[in-house]
Each structure stands twice: as structure tokens, then as C-alpha cells.
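The structure appears below as C-alpha cells.
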Amino acid sequence: MDQIEKTSMVDAAQPASSIPQDKSTTGDDKALLPSTDRPRVLVVANQKGGVGKTTTAINLGTALAAVGERVLILDLDPQGNASTGLGVGRNERKISSYDVLIGAALIEDAIVPTKVPGLDIVPSTMDLLGAELELATVQRRSHRLYDALARMPRNGKQRETSDAERALTARPYSYLLIDCPPSLNLLTINAMTAADAILVPLQCEFFALEGLSQLLRTVERVKTTLNPRLDIQGIVLTMFDQRNKLSDQVASDVRSYLGDKVYRTVIPRNVRISEAPSYGKPALVYDHRCAGSKAYMKLAAEMIQRERALRRNAA
Ligand SMILES: Nc1ncnc2c1ncn2[C@@H]1O[C@H](COP(=O)(O)OP(=O)(O)OP(=O)(O)O)[C@@H](O)[C@H]1O
Ligand SMILES: [Mg+2]
């Protein structure tokens with residue numbers, strides 16, 4: 162394995178020292194504590210592919226926006242499924258998460274509104290595929306996103322040098338959801354380093370628990386090396402199939418392993434959810450009455466409750 166690959170890949174099987182160590186590990190921590198002048202940053206991650214990360218980011222984001230929250234989704238996956246699923250075509254992705262990550266653009270200039278009121282996105286392009294190599298030798302390579310978010314204009318602290326900045330400070334975001342690729346690579350590590358907490362979509366299938374413990378080990382390692390704030394926001398059981406005994410078994414194993422961290426709301430397997438992205442719409446817009454849409458609305462309500470309790474306890 163060459164040096165670049167060795168230092169930029171994070172494998173939970175490797176020791177903590179293999180996680181990229183930036184010179185300054187946490188930067189201005191106070192600036193990123195939960196507060197009302199910056200969004201709550203949640204990373205939607207699971208190294209396993211096709212478990213419902215993007216579907217959860219899109220539909221949870223839509224459900225939160227539907228109840229009056231202001232939400233920004235940051236697409237950090239070169240596949241760009243969140244961007245496509247929200248109807249942002251390739252020609253609309255002039256400034257992307259790649260530009261933000263490498264420091265070539267400010268986040269406020271990369272934001273594209275979606276058709277869902279209150280929901281915006283920073284789209285991604287295939288350029289992200291090269292980001293890992295490009296950032297391999299750069300200082301604070303795991304903190305690129307953290308630094309970009311720290312530069313994001315805040316409520317009451319605006320410099321107001323551009324229309325984009327004025328728009329952002331006029332209606333600040335309450336949630337920022339980062340959609341990650343199916344890998345524990347430097348992109349995901351950047352997201353974990355920038356986030357307050359991780360939201361894990363988990364498909365109830367045979368190897369789910371094994372993958373989950375690997376992911377949680379990585380979270381612990383990021384916590385000790387890069388981001389002491391990183392918390393587990395919750396585990397969301399996705400594509401749940403009532404007729405499948407294994408689904409039930411895995412769900413109860415995950416609950417006994419992680420208790421309250423697992424959301425009570427379960428997302429059922431629902432064909433309307435899988436149809437929606439090809440129309441460039443969230444399931445909640447495509448068919449708000451289907452079982453999947455209702456589940457995501459319920460999940461948003463449960464999440465808001467959980468977040469309020471967290472703020473009460475922190476106060
Ligand atoms: N609850 C559901 N019911 C039916 N299909 C679903 C459901 N959730 C997701 N899907 C479908 O499963 C596939 C994988 O979902 P999704 O793209 O959200 O997973 P992902 O974890 O983001 O994948 P990747 O790891 O490739 O980024 C998609 O085709 C999606 O439409
Ligand atoms: Mg995805």
C-alpha cells in the first residue's frame with residue numbers, strides 16, 4: 162500500500178494512530194458547541210453501501226423543513242445521489258462541496274435551493290473522487306470541512322459582503338445534514354470531524370451488527386483524535402420488513418446493544434421511497450401519504466424531541 166493510501170484511509174481494524182492526525186486537533190471548539198447561532202451538524206454515515214443514508218438525509222431533511230426547521234444538506238458523496246434525488250441537475254452544480262472542501266469556495270456560495278421550501282443543498286460532483294489524494298499532503302486535512310463550517314456566517318455576526326451571505330444570515334439553518342459516501346475514507350472523516358453527532362441508518366440484515374460495531378469503533382477513534390464533541394445522535398432502522406423474521410431479530414439485537422440510541426421510529430421497506438429519486442423528488446413530496454413518508458415525518462418529530470431534551474440538559 163503506498164504512503165498516501167496508508168495515511169488517508171481509516172480502517173476500524175487499524176489502531177487509532179492510523180487516523181489522520183492534524184496539527185491542531187480541534188481548533189476553536191467553543192465556536193462549534195450547540196447554540197442558536199449555528200446549525201446542529203449531523204453526519205449521516207455508515208460505511209456499508211445502500212443502507213439508506215441518502216434516503217434518510219433527503220427525507221429527514223424534507224420532514225424537518227416541513228415542520229418549519231431550516232435545513233441544509235451537504236452532499237459529500239461523489240455519487241451525488243442526494244443532489245440528484247433533490248432534483249439538482251449536473252449543470253446546476255457550478256460550485257460544489259469539493260470546492261468548499263479544498264477551500265476554493267465559501268459554503269454560502271455553493272448553496273442551491275431545492276423545490277422544498279426551507280431545504281437547500283450544497284451539491285456534489287465527481288470531483289470529490291480526487292479530493293482524498295489532493296488533500297493527502299495538505300495541513301489539517303481532516304479539518305477541511307470543520308474549517309469551512311467555522312467560516313460560515315453566523316446569526317448576528319455577519320460581515321455581509323455578498324448576497325449569498327446576506328441570505329444565509331437572514332434565515333440561518335437549524336440543521337446541517339451531511340450525506341457521506343459508503344466508506345470510512347477522508348471525506349467521511351472530514352464529516353465526522355466537523356459534526357456534532359452521527360446519525361446511523363442501519364438496514365436490518367445479517368451483517369448489520371458487525372458493520373455497526375466497526376463504525377462505532379471509528380467514531381470512538383475520531384473522538385479521541387480529531388473531534389471530542391462527536392456524539393452518537395441515533396441509529397435509524399431502515400428498510401424494515403415486517404414479514405422477515407431476521408429483520409425483527411436484528412432490530413431487537415441492536416436495541417439491546419444500544420438502548421435509547423436507537424430511534425423508536427422504524428423506516429419500513431416501501432416501494433414509493435425507491436421510486437421518488439428518479440423523479441428528483443423526496444418521497445415526502447412524491448407521495449406524502451405512503452408508509453415511508455409517514456415514517457420519516459415521525460422520525461423528524463422524534464428527532465426534534467430528542468434535540469430539545471439535549472438542549473434542556475445542556476442548559
Ligand atoms: N425504506 C426504503 N424502502 C425501499 N427502498 C429504499 C428505502 N430506503 C432506501 N431505499 C432504496 O435503496 C437504495 C439505497 O438507498 P440509499 O441510496 O439511500 O442508500 P445509501 O446508504 O445512501 O447508499 P450508498 O452507500 O450507495 O450511498 C436506493 O435505491 C433507495 O431508493
Ligand atoms: Mg448515498
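First residue of the sequence shown: 162, per this note's numbering; consecutive thereafter. Just so it is clear, CB atoms sit at the ideal spot from N, CA and C, and this is done for glycine as well.
Per DSSP, what are the beta-bridge partners of residue i in this structure?
i	result
G395	L360
R201	Y336
L280	V232
P274	D281
F401	P429
Starting from residue i, trace the beta strand (DSSP E) both ways and give me its first and last residue.
i	result
L337	336-340
How should residue i be labelled, buried or exposed, when 16 other C-beta atoms within 10 angstroms of its C-beta is the threshold for buried?
i	result
K442	buried
Q208	buried
A309	buried
F401	buried
V432	exposed
L407	exposed
D190	Reliability fails at D190, whose pLDDT of 38 lies under 50, so the model's placement of it is uncertain and the value that follows must be treated cautiously. Burial call: exposed.
V299	exposed
A437	buried
Y440	exposed
Q403	exposed
M245	First, the amino acid is wrong: residue 245 is Thr here, not Met. With 16 or more Cβ atoms within 10 Å of its Cβ, T245 is classed as buried.
Between which two residues does the alpha helix (DSSP H) holding residue i run?
i	result
Y424	Where Y424 is concerned, there is no enclosing alpha helix (DSSP H), although the beta strand (DSSP E) it sits in stretches over 423-429.
N474	452-475
V212	No alpha helix (DSSP H) contains V212, which DSSP labels as neither H nor E.
Q240	Run containing Q240: none; DSSP gives neither H nor E here.
Y307	305-311
T385	369-386
T286	Here T286 belongs to no alpha helix (DSSP H), and DSSP marks it neither H nor E.
R416	406-419
A352	347-355
Using the C-alpha atoms, what's the distance from residue j back to residue i?
i	j	result
P429	N405	12 Å
I268	Q410	42 Å
P362	V205	7 Å
V383	V283	24 Å
Q375	Y457	26 Å
A356	R450	32 Å
G222	L338	7 Å
L247	I219	7 Å
F368	M464	26 Å
V277	L296	33 Å
L460	R425	8 Å
R467	K455	18 Å
E381	L398	21 Å
If we define contact as Cβ-Cβ less than 8 Å, is residue i a contact residue for chain B?
i	result
L373	Looking for chain B here will not work: only one protein chain is present.
*Around ligand 3, which residues pass a check of Cβ closer than 5 Å to any of its heavy atoms?*
Among the ligands in the structure shown, ligand 3 does not appear; only ligand 1 and ligand 2 can be found there.
*asked:* With a threshold of 8 Å, are at least 3 pairs of Cβ atoms found where one atom belongs to the region 280-300 and the other to the region 228-247?
replied: yes
_Tell me whether the region 248-258 and the region 295-304 touch, counting them as touching only if at least three CB pairs, one residue from each stretch, are closer than 8 Å._
no
*Between the region 384-402 and the region 222-237, are three or more C-beta pairs nearer than 8 Å?*
no
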